[in-house]
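Take a look at the structure below.
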Amino acid sequence: MSENKVVTRFAPSPTGFPHLGNFRTAIFAYLFAKKHNGSFVFRIEDTDKERSKKEFEENIIEGLDWLGLSYDKFYRQSENAGRHKFYLEKMIKEGNAYISKEEAKDGSGAMKELVRFKNPNINVTFKDEIKGEVTMNTEDLGDFIIAKNLNEPLFHLAVVVDDFEEGITHVIRGEDHVSNTSRQILIQRAIGATTPIYAHLPLVLGPDKLKLSKRRGALAVTEYKKLGFLPEAVLNGATFIGWNPGTEKEIFSREELIASFDLERVQKSPAIFNQEKLEWFNKEHMKLLSSGEINKNVLEQLPENMRNPKLVPIIFERISKWSDVKSMVAKGELDFFFKSPVIDKAKLIYKKTSSEKINQNLKLAIKALESISENDFNTEIIKITLMSIADNLESRGELLHPVRFALSGLDKSPDPFIIASIIGKNETLSRLQKAI
RNA sequence: GGCCCUAUCGUCUAACGGUUAGGACAUCGGGUUUUCAAUCCGGUAAUCAGGGUUCGAUUCCCUGUGGGGUCACCA
């Protein structure tokens, strides 16, 4: 039982802020491990001392935490220098690798010792869970370099040794690694390691159809956190890039994702990332939240003096992520709830209705509204009251439009009933009066 | 350019030889109490091309073309 246990890993190098494409790889590896009751290993590949930075490592961890991709084991590759050296020496001793004295590539002209792999120049075939059987000739690889010296292993060696020592059963990684696989299998054979099952995921492309990259505007995953996306929505949305459950259901919880995920339904060709669809996923997940959570989140985004719970439903149906609340505030779309708007007289007119008629309707509205008691001044009653007048008019807009505009001063706004109920009877009457 | 992978609406995709080629996002139109939003209903929109195999190809094979990846003392 335990010997069949699935072990997957996510092995990023801390040389940048990973984007959604990078994290989707982690998500698939995580989902697959959880689905099979296996374990998920998180390994920081920091053998490149120059480019590895602590801040990047922290960012990766933050992203993993945020998405809830809990790992069973964490370590840094640099901490395994001992085992890397062990296998390096073993390979040299057995003739599978050798130390080569060559001129340093940095242009200094100095001579330097490197460790090169003794390439047997053969065809390597491996079965990929997604791509099927892949065969590559290793001849043109030459005797590739596997370490700068005995204490500084390079990628191919370090990956093979660590995957082997950690008992990784499934290497789930980006398609950009397929061409590395033949080298790594060669090393595996040389050190006597088993070859894991490979699953090379098609890449996530940007709108420019090129591999997603920060340079071309891809957001770091932690930016989605800052923008107020829901982690479960991003998890859901990212999983649907290049994978589908084969049914028409699209909104999945983490548990449902784990239960449904499989490698067989992973797409073979690259997918272009669609931000709009991700926002849709987010909105759908937001709708699943309790009203308490919605209240809390919306209110949090509002400046303290604007934190009126009555505003929440109005705001909520207009946003697809929490930070949209701040945009609404910044654009002044909520200002009329707090201060009397400046009215553009001409815009009070509804279609071709005369200004006299508008004036008269406004007066009618005031009169009707005045009759509602302070206590009954709620959306429902205001609506019934106003509608009973509007229904007797040639068109309802003759009344509803000027009232709404008088209250908001905006071309686009929520309906007049709800605005009136929120700003209260006095303020409503005063704004209508002012408009007249 | 060599090598590897790949090809269904604008985008993400369903179909595992027989469907009016389905869904979602986006878009367009309409309803829903005036505008916006939300919601409901409806529309436009795809099998890269050419050869095979087959009674029948989106589906299998070949070629072409397109797209992606990769060719470091990075990972």
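Start counting the first sequence at 18; every next residue gets the next number (my numbering). Using N, Cα and C, we set each Cβ at its ideal position, and we do this for glycine too.
Is it true that the region 212 to 227 meets the region 179 to 195, where meeting means three or more beta-carbon pairs spaced less than 8 Å apart?
-> yes
By how many angstroms is the C-alpha of Thr142 removed from the C-alpha of Phe333?
-> As a working note, residue 333 is residue 316 in the first sequence. As a working note, residue 142 is residue 125 in the first sequence. Each residue's Cα considered, the two are about 54 Å apart.
Assign Gly112 to one of two classes, buried (16 or more other C-beta atoms within 10 Å of its C-beta) or exposed (fewer than that).
-> On the first sequence, position 95 is the one that residue 112 refers to. So Gly112 counts as exposed.
Hey, quick one: how far does the beta strand (DSSP E) through Asp145 stretch, first residue to last?
-> Numbered from 1 along the first sequence, position 128 holds the residue referred to as residue 145. It spans Asn140 to Asp145 - the beta strand (DSSP E) in which Asp145 sits, taken as one unbroken run.
By Cβ distance, which residues of its chain are closer than 7 Å to Val283, with the 5 residues on each side in sequence left out?
-> Within the first sequence, numbered from 1, the residue matching residue 283 stands at position 266. Contacts found: Ile147, Leu218, Gly259 and Trp260.
Quick one: what's Thr152 bridged to in DSSP?
-> Numbered from 1 along the first sequence, position 135 holds the residue referred to as residue 152. Partner(s): Thr142.
Kindly indicate which three-state DSSP category Pro170 falls into: helix, strand or coil?
-> To locate residue 170, count along the first sequence from 1; it is residue 153. Strand at Pro170.
Close Cβ partners of Gly414 (< 6 Å) along its chain, the five nearest in sequence each way excluded | Translated into positions along the first sequence, residue 414 becomes position 397. Tyr367, listed in sequence order.
In angstroms, rounded to a whole number, what distance separates the CA positions of Phe134 and Ile202?
-> Numbered from its first residue, the first sequence carries residue 134 at position 117. Numbered from its first residue, the first sequence carries residue 202 at position 185. Cα to Cα, Phe134 sits roughly 12 Å from Ile202.
From Asp179 to Trp339, what distance separates their C-alpha atoms?
-> Residue numbering aside, residue 179 sits at position 162 when the first sequence is read from its first letter. Residue numbering aside, residue 339 sits at position 322 when the first sequence is read from its first letter. So the alpha carbons of these two residues sit roughly 41 Å apart.
Report the rounded CA-to-CA distance for His53 versus Arg68, giving the unit in angstroms.
-> Locating residue 53 in the first sequence gives position 36, counting from the first residue. Locating residue 68 in the first sequence gives position 51, counting from the first residue. If I take the Cα positions, the gap works out to 35 Å.
Taking all protein chains shown into account, do 16 or more other C-beta atoms lie within 10 angstroms of the C-beta of Tyr104, making it buried, or fewer, making it exposed?
-> Translated into the one-based positions of the first sequence, residue 104 becomes position 87. Classification of Tyr104: buried, given that the 10 Å Cβ count is 16 or more.
Tell me where the alpha helix (DSSP H) around Leu203 begins and ends.
-> For the purposes of this step, residue 203 is identified with residue 186 of the first sequence, where counting begins at 1. Taken as a continuous stretch (DSSP letters only), the alpha helix (DSSP H) holding Leu203 covers Val195 to Ile208.
If we ignore side chains and look at the alpha-carbon of each, how far apart do Lys369 and Lys327 end up?
-> Translated into positions along the first sequence, residue 369 becomes position 352. Translated into positions along the first sequence, residue 327 becomes position 310. Those two C-alpha atoms are separated by around 34 Å.
Taking Gly191 as part of the beta strand (DSSP E), name the residues at either end of that continuous run.
-> What you label residue 191 is simply residue 174 of the first sequence in a count that begins at 1. Segment His187 to Gly191, the beta strand (DSSP E) holding Gly191.
Can the beta-carbon of Ile389 be found less than 8 Å from the beta-carbon of Ile399?
-> By 1-based counting over the first sequence, the position of residue 389 is 372. By 1-based counting over the first sequence, the position of residue 399 is 382. Cβ distance < 8 Å, so Ile389 and Ile399 count as in contact.
Return the CA-CA distance between Ala250 and Ile440, expressed in angstroms with no decimal places.
-> Here residue 250 refers to the residue found at position 233 when the first sequence is read from its first residue. Here residue 440 refers to the residue found at position 423 when the first sequence is read from its first residue. Cα-Cα distance, rounded: 35 Å.
Might you give, ordered along the chain, the residues of its own chain that have their beta carbon closer than 6 Å to the beta carbon of Leu84, omitting 5 neighbours on each side?
-> In the first sequence, the residue the question calls residue 84 occupies position 67. The answer, listed in chain order, is Pro248 and Leu252.
Exposed or buried, what is Gly309 when buried is set at 16 or more other beta-carbons lying within 10 Å of its beta-carbon?
-> The count along the first sequence starts at 1 and reaches residue 309 at position 292. Exposed, by the Cβ-count rule.
So, helix, strand or coil for Ser56, using DSSP?
-> Taking the first sequence and counting its residues from 1, one reaches residue 56 at position 39. Three-state result, Ser56: strand.
Where Ala28 sits in the DSSP three-state scheme = Locating residue 28 in the first sequence gives position 11, where the first residue counts as 1. Here Ala28 sits in coil by DSSP.
Per DSSP, which residues does Lys294 bridge with? Please list them.
-> As a working mapping, residue 294 is identified with position 277 in the first sequence. Paired residues: none, contrary to the question.
DSSP on Val342, reduced to helix/strand/coil?
-> Numbered from 1 along the first sequence, position 325 holds the residue referred to as residue 342. Val342: helix per DSSP, three-state reduction.
In angstroms with no decimal places, state the Cα-to-Cα distance between Asn166 and Ala175.
-> On the first sequence, residue 166 is found 149 positions in, with the first residue counted as 1. On the first sequence, residue 175 is found 158 positions in, with the first residue counted as 1. So the two alpha carbons sit approximately 13 Å from each other.
Verify whether the separation of the beta carbon atoms of Ile336 and Val329 is less than 8 Å.
-> Here residue 336 refers to the residue found at position 319 when the first sequence is read from its first residue. Here residue 329 refers to the residue found at position 312 when the first sequence is read from its first residue. No, Cβ-Cβ distance for Ile336 and Val329 is not below 8 Å.
Report the rounded CA-to-CA distance for Ser56 versus Thr25, giving the unit in angstroms.
-> As a first step, residue 56 must be located in the first sequence, where it is residue number 39. As a first step, residue 25 must be located in the first sequence, where it is residue number 8. Going by the C-alpha atoms only, they are around 6 Å apart.
Under the three-state DSSP convention, the category Val283 falls into = Here residue 283 refers to the residue found at position 266 of the first sequence. In the structure shown, Val283 sits in a strand (DSSP, three-state: E or B).
Rank Leu410, Asn409, Ile453 and Ile401 by C-alpha distance to the C-alpha of Ile435 and give the top, closest one.
-> As a working mapping, residue 435 is identified with position 418 in the first sequence. For the residues Leu410, Asn409, Ile453 and Ile401, the minimum Cα distance to Ile435 belongs to Ile401.
Are the region 76 to 92 and the region 235 to 244 touching, with three or more C-beta to C-beta distances below 8 Å?
-> yes
Beta carbon of Ala98, beta carbon of Arg60: below 8 Å?
-> As a first step, residue 98 is located in the first sequence; it is residue number 81 there, counting from the start. As a first step, residue 60 is located in the first sequence; it is residue number 43 there, counting from the start. It is not a contact, given that the beta carbons lie outside the stated cut-off.
Identify the residues that DSSP records as bridge partners of Tyr215: which are they?
-> Taking the first sequence and counting its residues from 1, one reaches residue 215 at position 198. Asp145 and Val188.
Among Ser230, Leu86 and Gly184, which has the Cα closest to the Cα of Phe34?
-> Position 17 of the first sequence, counting from 1, holds the residue named residue 34. Of the candidates Ser230, Leu86 and Gly184, the one whose C-alpha sits nearest the C-alpha of Phe34 is Ser230.
Given a threshold of 16 other Cβ atoms within 10 Å of its Cβ, counted over all protein chains shown, does Asn378 qualify as buried or as exposed?
-> Within the first sequence, the letter at position 361 stands for residue 378. When all chains shown are included, Asn378 counts as buried.
Do you know whose CA, among Asp428, Ala50, Gly149 and Asp352, lies nearest Ala363's CA?
-> Reading the first sequence from its first residue, position 346 is the one you call residue 363. Ranking the options by Cα distance to Ala363, first place goes to Asp428.
Compare the beta carbon distance of Phe246 and Phe49 with 8 Å and say whether it is the shorter of the two.
-> By 1-based counting over the first sequence, the position of residue 246 is 229. By 1-based counting over the first sequence, the position of residue 49 is 32. Not a contact, by the Cβ cut-off of 8 Å.
Apart from the five residues on each side of it in sequence, which residues of its chain come closer than 7 Å, Cβ to Cβ, to Leu280?
-> Taking the first sequence and counting its residues from 1, one reaches residue 280 at position 263. Within the same chain, Leu280 has close Cβ partners Phe49, Glu146, Ile147 and Ala216.
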